[in-house]
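Below is one structure, written out as structure tokens, with a few remarks after it.
Numbering (this note's numbering), first residue to last: 1216 to 1299.
Dropping the structure here:
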């Protein structure tokens, strides 16, 4: 039971931290093309359609896998420290 609690706690901290870091990285590296956006604004629809691309899902899945891996290694480290 201690293993599960250590894993769950480390996962609950690692996953949001990696999600926020990923969002910040994507925000910092995004460069909008203002001139092109202005030119296309006249022909755009009046309502927004919100959808998700498959690549965004795979990136989220990769981040979740990374967070789970970090949580697993932290739980193992925690177990080894308590075993001594």
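From the three backbone atoms N, C-alpha and C, an ideal C-beta is built for every residue, glycine too.
Have a look at the options and flag the residue whose alpha-carbon is nearest the alpha-carbon of residue i.
i            : options                   : result
residue 1228 : 1297, 1278, 1295 and 1298 : 1278
residue 1230 : 1297, 1271, 1287 and 1282 : 1282
residue 1274 : 1234, 1224, 1221 and 1257 : 1234
Measuring only the C-alpha atoms, how far is residue i from residue j?
i            : j            : result
residue 1246 : residue 1297 : 48 Å
residue 1270 : residue 1237 : 14 Å
residue 1251 : residue 1284 : 41 Å
residue 1288 : residue 1276 : 18 Å
Since residue i and residue j should fall inside the 8 Å C-beta cutoff, what is the C-beta to C-beta distance between them, to a whole number of angstroms?
i            : j            : result
residue 1286 : residue 1226 : 4 Å
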